[in-house]
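Shown next, in structure tokens, is the structure this report addresses.
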Amino acid sequence: MAAAAPNPADTPRQAVARAYIDALVSHDASAVPFAPDATRVEAGLKTGYSGPQLIQELNHGIQYSVIQDIRDLRMTECGDVVTARYLLDSGVAGVRLMTVDITETFVIPDGTIHTINATIDPVV
Numbered sequence: 001m002a003a004a005a006p007n008p009a010d011t012p013r014q015a016v017a018r019a020y021i022d023a024l025v026s027h028d029a030s031a032v033p034f035a036p037d038a039t040r041v042e043a044g045l046k047t048g049y050s051g052p053q054l055i056q057e058l059n060h061g062i063q064y065s066v067i068q069d070i071r072d073l074r075m076t077e078c079g080d081v082v083t084a085r086y087l088l089d090s091g092v093a094g095v096r097l098m099t100v101d102i103t104e105t106f107v108i109p110d111g112t113i114h115t116i117n118a119t120i121d122p123v124v
């Protein structure tokens with residue numbers, strides 16, 4: 001499994017977003033700084049309700065267990081907002097089944113993630 005390796009060129013906010021993206025693959029959210037009341041919305045549905053719940057999901061959520069690789073990560077930043085776009089490969093037993101194009105927008109006003117808004121598009 002690959003991860004979003006630390007990048008010395010990252011701004012502090014980009015490093016926070018990268019820690020979250022790394023946790024998607026590593027299933028170790030210990031380095032992800034969430035605000036206590038952090039939320040996550042995916043495709044218009046609220047999937048994260050608090051920092052502790054998001055940490056629990058990253059560490060143990062079945063939905064993340066199929067993630068095999070994250071690649072082609074690109075990030076931009078404007079004020080408190082970091083937008084990350086990347087390809088995510090998922091599968092089972094080492095066999096890739098699907099690749100999706102992810103765009104996640106992080107609001108990071110104080111060094112902690114307050115909100116994440118994610119869109120997922122299939123790659124054809």
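Under the numbering used here, the letters of the sequence shown match residues 1 to 124, in that order. All C-beta atoms in this analysis are idealised placements derived from N, C-alpha and C, irrespective of residue type, glycine included.
In terms of residue numbering, what span does the beta strand (DSSP E) encompassing Ala84 cover? Per DSSP, the continuous beta strand (DSSP E) segment holding Ala84 begins and ends at 81 to 92.
Taking the straight line between their C-alpha atoms, what separation do you get for Ile120 and Asn59? Spanning the two alpha carbons is a distance of roughly 21 Å.
In angstroms, rounded to a whole number, what distance separates the CA positions of Asn117 and Glu104? One C-alpha to the other measures close to 5 Å.
Within a Cβ cutoff of 6 Å, which residues of the same chain sit near Glu42, ignoring the five residues on either side of it in sequence? The answer, listed in chain order, is Ala118.
Any idea if Met1 is buried or exposed, counting beta-carbon neighbours within 10 angstroms, 16 or more meaning buried? Note that Met1 scores 44 on pLDDT, short of 50, meaning its location in the model is unreliable; the coordinates nonetheless yield the value given after this. So Met1 ends up on the exposed side.
Is Thr47 near Thr115, with beta carbons less than 8 Å apart? No, Cβ-Cβ distance for Thr47 and Thr115 is not below 8 Å.
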